[in-house]
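Residue numbering for the sequence shown follows the UniProt record's numbering, beginning at 1 and increasing consecutively.
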Amino acid sequence: MANITLAVSGSISAYKAADLTSQLTKQGHKVTVLMTESATQFITPLTLQALSKNIVHTNVMQEEEPRSIKHIDIAKGTDLFLLAPASANSIAKLAHGLADDPVSAVALALPIGVPKLLAPAMNTNMYLNPATQRNLHLLEEFGFQEIKPREALLACGDFGTGALAEIDIILEKVSQTLREK
């Protein structure tokens, strides 16, 4: 099976990363989880560690092994990179090459040819904002494939596009992408 790097950013949908981690692990994939600091406010790293059976990376500057650089090693060992949920902030960081957290640092260090998926989850106005749409377009040019958000009643009370795609849809896109690789 594949080495999947699951990156989790700060969105209320971060709690769904637990189901995603569990399902990918049950399918036999090795899941390495990266979290932004904001993501840890919605779900604990311990939850994802228990489900993935792997250390969850939350600090790009924390190096357990002095003979390696963790974000580079993770990137080199990645068969598929998945950012779910993808917040507007994380999308902007990736689009502009920032690397100040494990999610953005690993994404920037990925070898050419590694499939990259992202599943946005945010308020409708944030998703439809021209800056976010421009960043998504840039990421598409960089080889990222967007798993479109769905229209739903959002946590903020608004109804519109911005809800994280259903887990089954994300899992199918992961499977399809790995088959194509």
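For each residue, glycine too, the CB sits at the ideal point set by N, CA and C. Since this is a predicted model, take the numbers as computed values, not measurements.
Could you tell me how far apart the beta carbons of residue i and residue j are, in whole angstroms, since I believe they sit closer than 8 Å?
i: THR124; j: LEU164; result: Not confirmed; about 13 Å, so no contact.
i: VAL8; j: LEU24; result: No, VAL8 and LEU24 are not in contact; Cβ-Cβ is about 13 Å, not under 8 Å.
i: ILE147; j: ALA119; result: 4 Å
Based on the DSSP output, what are the partners of residue i in its beta bridges?
i: ILE4; result: VAL31 and LEU80
i: GLY162; result: None; GLY162 has no bridge partner.
i: HIS96; result: None; HIS96 has no bridge partner.
i: PRO120; result: ALA86
i: HIS57; result: LEU34
So, does the CB of residue i fall closer than 8 Å to a CB anywhere in chain D?
i: ILE55; result: Absent here is chain D; the protein component of the structure consists of one chain.
How many Å lie between residue i and residue j at the Cα?
i: GLU64; j: GLY160; result: 43 Å
i: LEU128; j: LYS70; result: 35 Å
i: ILE170; j: SER68; result: 32 Å
i: GLU180; j: ALA17; result: 24 Å
i: GLY157; j: PRO66; result: 47 Å
i: ALA107; j: PRO85; result: 14 Å
Starting from residue i, follow the beta strand (DSSP E) in both directions and report where the run begins and ends.
i: ALA152; result: 150 to 153
i: GLN145; result: 144 to 146
Which residues in the same chain as residue i place their Cβ atom closer than 7 Å to its Cβ, once the five residues preceding and following it in sequence are excluded?
i: ASP19; result: ILE167
Between which two residues does the alpha helix (DSSP H) harbouring residue i extend?
i: GLU140; result: 130 to 141
i: ARG67; result: Taken as a continuous stretch (DSSP letters only), ARG67 belongs to no alpha helix (DSSP H), as it is neither H nor E.
i: THR25; result: 17 to 26
i: ASP168; result: 167 to 180
In chain order, what residues of the same chain have a beta carbon less than 8 Å from the beta carbon of residue i, not counting five sequence neighbours either side?
i: ASN54; result: LYS30, VAL31, THR32 and VAL33
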